[in-house]
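Engineer:
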């Protein structure tokens, strides 16, 4: 199997003798496994609600908890990748996520279930690791396509979870079948983390893995961009504050008011620490009034990409989390049937991400992004109209 690149040559995915292709396959499967673990709960809405006597508000809180930690986790994981390299970071992430999945399977209370789902948000940061690793192994003319393959095939993990895990649960049978499915997924991830460490290297032979001179915050070019960067960090902590409120007595009553107030205080302290780290990294630039003109970059482009990513990937996470349960509730489907049908949403990424990488390499990233955002708006408008009166095939 080969894909045409926008430059010269082809990307032959069957050429496993090539170290870059082996690395690509090992990396997309690592990303695939993190998505399996991250969204393993989605096809088991009925079983989990019954086992823990959850209200609808508690189930929604569980979905929010599952993605909440991913916001700061990607920053933390990015720092670890810069410091220790993607090989070590991805291996540890897989192994730790596998252990958390096992704890989720062993949960006997909603509180334990919620805690493990919250911590599992770190699995969602796996994407950051692979992007750096794949970028180290492929030239500029192929990196868009290679990272599209990595992202698309890895994202298919949510579909894999929806298809495979209910089947595994059915094989074990009984009301506890979902626990065995989670244990199995966790064991596979843990073992693959060891395998990944043994077979993957950070860079091609002879290449140097460059680390940033400064860490802890993003370097910007002007004092104005410094203020802009601080403002861009506010939504991350704001989202976590909203989550804390959701867990308070005003929400699902998982945390007492005192604990929620403590969380608010901790978030303020963490924001101040983050602001200090950003200042520390940019102190010389601020004293000089900015970097030389030829070294500057427009930070607003970074901000625009952040918002684009929020809209595209953020909405994908929301749909992937809710779709199996939505099909089961709306059309009265079994978990396996609901998983198979909802997997179609994630399956599209197998072709869409490599295709998007190839198109952006060929026609430019800006035009491609504008078309994607327009298509996304139309697609979600149609999805919002789906109800039980729709033919299942059309839904």
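In this note's numbering, the protein residues as written are -1 to 393.
Where is the CB? At the ideal position from N, CA and C, for every residue including glycine.
Note that this is a predicted model, so its numbers are computed, not measured.
Using CA atoms only, rank isn't needed, just tell me which of 298, 140, 300 is closest to residue 354.
Structural biologist: Comparing Cα-Cα distances from residue 354 to each of 298, 140, 300, the minimum goes to 140.
Engineer: Along the chain, where does the alpha helix (DSSP H) that runs through residue 63 open and close?
Structural biologist: Counting along the chain, the alpha helix (DSSP H) containing residue 63 begins and ends at 54 to 66.
Engineer: By the three-class DSSP mapping on this structure, what secondary structure does residue 153 have?
Structural biologist: In this structure, residue 153 counts as helix in the three-state DSSP scheme.
Engineer: Measure the C-alpha to C-alpha separation of residue 293 and residue 219 and round it to an integer number of angstroms.
Structural biologist: The alpha-carbon atoms of residue 293 and residue 219 are separated by roughly 8 Å.
Engineer: Tell me whether residue 107 is buried or exposed, calling it buried when 16 or more other Cβ atoms sit within 10 Å of its Cβ.
Structural biologist: Exposed is the call here.
Engineer: Over the uninterrupted alpha helix (DSSP H) stretch that includes residue 337, give me the two end residues.
Structural biologist: Residues 333 to 361.
Engineer: Thinking C-alpha only, which one of 76, 101, 72 is nearest residue 120?
Structural biologist: Checking every option, the nearest Cα to that of residue 120 belongs to 72.
Engineer: To the nearest angstrom, how far is it from the Cα of residue 300 to the Cα of residue 146?
Structural biologist: Taking the straight line from one Cα to the other gives about 20 Å.
Engineer: State the Cα-Cα distance for the pair residue 175 and residue 66, rounded to the nearest angstrom.
Structural biologist: So the alpha carbons of these two residues sit roughly 27 Å apart.
Engineer: In the DSSP assignment, the alpha helix (DSSP H) including residue 245 goes from what residue to what residue?
Structural biologist: Unbroken run through residue 245: none, as it is neither H nor E.
Engineer: Here's the rule I'm using: 16 or more other beta-carbon atoms within 10 Å means buried, otherwise exposed. How should residue 202 be labelled?
Structural biologist: Label assigned to residue 202: exposed.
Engineer: Tell me which residues share the same chain as residue 156 and place their Cβ nearer than 6 Å to its Cβ, disregarding the 5 neighbours each side in the sequence.
Structural biologist: Hits under 6 Å: 33, 37, 318, 344.
Engineer: Given a cut-off of 9 Å on the beta-carbon distance, is the pair residue 132 and residue 148 in contact?
Structural biologist: Cβ atoms of residue 132 and residue 148: closer than 9 Å.
Engineer: Should residue 25 go down as buried or exposed, given a rule of 16 or more other Cβ atoms within 10 Å for buried?
Structural biologist: Buried, because 16 or more other Cβ atoms sit within 10 Å of the Cβ of residue 25.
Engineer: Near residue 166, which residues of its chain fall below 6 Å by C-beta distance, leaving aside the five closest residues on each side in sequence?
Structural biologist: Cβ within range, chain order: 179, 182.
Engineer: Note down the Cα distance separating residue 55 from residue 250, rounded to an integer number of angstroms.
Structural biologist: Going from the Cα of residue 55 to the Cα of residue 250 covers about 6 Å.
Engineer: Hey, how far is the Cα of residue 261 from the Cα of residue 242?
Structural biologist: Roughly 7 Å separates the two Cα atoms.
Engineer: Count Cβ pairs between the stretch 330 to 344 and the stretch 36 to 50 that sit closer than 8 Å; are there 3 or more?
Structural biologist: With the cut-off at 8 Å, the stretch 330 to 344 and the stretch 36 to 50 touch.
Engineer: Inspect the CB distances between the stretch 266 to 280 and the stretch 74 to 94 and report whether three or more fall short of 8 Å.
Structural biologist: No: fewer than three Cβ pairs fall under 8 Å.
Engineer: Quick check on the burial criterion: 16 or more other C-beta atoms within 10 angstroms. Buried or exposed for residue 388?
Structural biologist: Its Cβ having fewer than 16 others within 10 Å, residue 388 is exposed.
Engineer: So the candidates are 248, 390, 304; which of them puts its Cα closest to the Cα of residue 231?
Structural biologist: Looking at the Cα atoms, 304 is the closest of the given residues.
Engineer: In whole angstroms, give me the CA-to-CA distance for residue 123 and residue 20.
Structural biologist: Whole-angstrom Cα-Cα distance: 22 Å.
Engineer: Out of 94, 226, 247, which has the shortest C-alpha to C-alpha gap to residue 192?
Structural biologist: Of the candidates 94, 226, 247, the one whose C-alpha sits nearest the C-alpha of residue 192 is 94.
Engineer: Within its chain, find whatever has a CB closer than 6 Å to the CB of residue 184; leave out the 5 residues flanking it on each side and keep chain order.
Structural biologist: Around residue 184: 96, 99, 100.
Engineer: Under three-state DSSP, which class holds residue 1?
Structural biologist: Here the model assigns residue 1 a pLDDT of 49, short of 50, so the residue's position is not dependable, and the following value carries that caveat. Residue state, collapsed to three classes: strand.
Engineer: Applying the 10 Å Cβ sphere with the 16-neighbour rule, what's the burial state of residue 276?
Structural biologist: By the neighbour-count rule (16 or more Cβ atoms within 10 Å), residue 276 is buried.
Engineer: Leaving aside the five residues before and after residue 41 along the sequence, list all residues of the same chain whose C-beta is less than 7 Å from its C-beta, in chain order.
Structural biologist: Around residue 41: 159, 160, 163, 164, 322, 333, 336, 337.
Engineer: With DSSP collapsed to three states, give me the class of residue 9.
Structural biologist: It is a strand residue.
Engineer: How big is the Cα-Cα spacing for residue 49 and residue 153?
Structural biologist: Between residue 49 and residue 153, the C-alpha separation is close to 28 Å.
Engineer: Tell me whether residue 280 sits in a helix, a strand or coil according to DSSP, three-state version.
Structural biologist: It is helical.
Engineer: Looking at residue 194: is its Cβ nearer than 9 Å to the Cβ of residue 85?
Structural biologist: Yes; because the gap between Cβ atoms is below 9 Å, this pair is in contact.
Engineer: Going by beta-carbon coordinates alone, are residue 135 and residue 351 separated by less than 9 Å?
Structural biologist: Not a contact, by the Cβ cut-off of 9 Å.
Engineer: Return the Cβ separation of residue 61 and residue 112 in integer angstroms, given the expectation that the two are a contact with Cβ distance under 8 Å.
Structural biologist: That belief does not hold up - the Cβ atoms of residue 61 and residue 112 are roughly 11 Å apart, past 8 Å.
Engineer: Return helix, strand or coil for residue 198, following the three-state DSSP convention.
Structural biologist: Coil at residue 198, not helix or strand.
Engineer: Let me know the secondary structure DSSP gives residue 274 once reduced to three states.
Structural biologist: Reduced to three states, the DSSP call for residue 274 is helix.
Engineer: Should residue 51 and residue 209 be called a contact, given that it needs their Cβ atoms to be closer than 9 Å?
Structural biologist: Cβ distance not < 9 Å, so residue 51 and residue 209 don't count as in contact.
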